[in-house]
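Protein chains in written order, with the numbering used here: chain A, 1 to 200; chain B, 201 to 400.
Okay, here's the thing in structure tokens:
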């Protein structure tokens, strides 16, 4: 008789596949209808199997939030690769604003999760995405832009970076609330207009 | 026998007194502990009486959100009365950032409510506070500032106003998540720094 390898079910991989299916579901149906029943149905598994991997819906949303923050980070890294100065600044920022299919799903997850966290404080301490790291990265691009003579040496780099990121966060909140795609684009354009003040 | 006036209980007034007590409770204990039981206890009424005025906790939070937006509006109006230009711009903005006891309570309510709305969409269409009106008001102050020669005539007014308001929104989200008071102040200072670019 052939010896069989034991069937190894990787717990973490299964969890991640559930999170990925959940993100797809939010994209297809929106947050209010992306409930556990719809998710189990989409994956062709039972509700009870789902709860072997997550304690409850809140824990799934928390994991989804951590995943989309990593996704955004990964997109930023890819998008700025080999670029510098104002171009890199703009490309990084474009990944944060909810102006693509992916980043619009992310906005809905993020805003729901923030509200849930404030209301319940059931999670470990939560930061606003990777705002500290994003702030450092964007600042380094504006410092490059000064060195390259693209923007004025007197540019208040940190203030501009903070406000640019804040505008991305507001765009997430406002898109998630209103589902208006034009608001996010208008807000993105505000950062372009503001940067033109310091352009050399 | 003396004729008694019928006891008139004004439904709307009672609702508002519940909302006011709820806002106080959030200030005293934070969102997670400001539940219906604690609220009924604080008001010295029964839980069931509470639910004669609100369908559920979500409806109470929705009313609290509408109330704090009106409160912020009223504070802005008082604060800018008789002022103009950059001074009025700064005073209005100070009422939006979570840098006072009142506005910190407001941040918690707002962020919870936004998350709830995105997750359930059970409410009527929701705007981000009175962002359109606030934007118009702040823009009018910067237009004044240009006329008065306080800032450069080339200032991209709308872009600055949008980013300034966005920074206030991010400060609300970040304060509500982290309860860090210094983050809100740093963000407020960013707007001051940014405005200095266009100062004449």
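Virtual Cβ for every residue (Gly too), placed ideally from N, Cα, C.
Check whether residue 170 (chain A) and residue 370 (chain B) have beta carbons under 8 Å apart: yes
DSSP-derived helix/strand/coil call for residue 353 (chain B): coil
CB of residue 273 (chain B) within 8 Å of CB of residue 343 (chain B), strictly: no
Residue 199 (chain A) - partner residues in DSSP beta bridges: Residue 199 (chain A) pairs with A:151.
Neighbour-count burial assignment, residue 47 (chain A), 16 or more Cβ in a 10 Å radius: exposed
C-beta atoms of residue 351 (chain B) and residue 280 (chain B) nearer than 8 Å: no
Reference residue 70 (chain A), options A:57, A:140, A:103, A:52, closest by Cα: A:103
Beta-carbon gap between residue 88 (chain A) and residue 232 (chain B) smaller than 8 Å: no
Endpoints, alpha helix (DSSP H) assigned at residue 222 (chain B): 211-229
Residue 176 (chain A) (DSSP reduced to helix, strand or coil): helix
Proximity test, Cβ basis, 8 Å: residue 215 (chain A) and chain B: The structure shown does not extend to residue 215 (chain A), since chain A is modelled only from 1 through 200, so no value can be given for it.
Where residue 181 (chain A) falls, given that 16 or more other Cβ within 10 Å makes a residue buried: It counts as exposed.
Pairwise C-alpha distance: residue 312 (chain B) and residue 341 (chain B): Separation of residue 341 (chain B) and residue 312 (chain B) (C-alpha to C-alpha, rounded to the nearest whole angstrom) is 31 Å.
Closest by C-alpha distance to residue 333 (chain B), when choosing among B:301, B:296, B:236, B:346: B:296
Contacts that residue 296 (chain B) makes with chain A (C-beta to C-beta distance below 8 Å): The contacting residues do not exist; residue 296 (chain B) stays about 12 Å from chain A at best.
Ordered list of alpha helix (DSSP H) runs contained in the segment 25-88 of chain A, each at least 4 residues: 36-43, 47-50, 57-80
Burial state of residue 327 (chain B) (16 or more Cβ within 10 Å): exposed
Reduced DSSP category for residue 1 (chain A) - H, G, I as helix; E, B as strand; rest coil: Because residue 1 (chain A) sits at a pLDDT of 48, beneath the cut-off of 50, its placement in the model cannot be relied upon, and the following sentence gives the value as read from the coordinates. It is coil, neither helix nor strand.
Of the listed residues B:373, B:261, B:251, B:277, nearest to residue 226 (chain B) (C-alpha basis): B:261
C-beta contact flag for residue 107 (chain A) and residue 176 (chain A) at 8 Å: yes
For residue 166 (chain A) and residue 367 (chain B), believed in contact at Cβ under 8 Å, the rounded distance: 4 Å
Local conformation of residue 382 (chain B) per DSSP, three classes: helix
Chain B contacts made by the segment 142-170 of chain A, where a contact means CB separation under 9 Å: Answer in chain order: 152, 154, 155, 156, 158, 159, 160, 161, 162, 163, 164, 165, 166, 167, 168, 169, 170.
Min CB distance residue 227 (chain B) to chain A below 8 Å: no
CA nearest to the CA of residue 184 (chain A), picked from A:36, A:12, A:117, A:172: A:172
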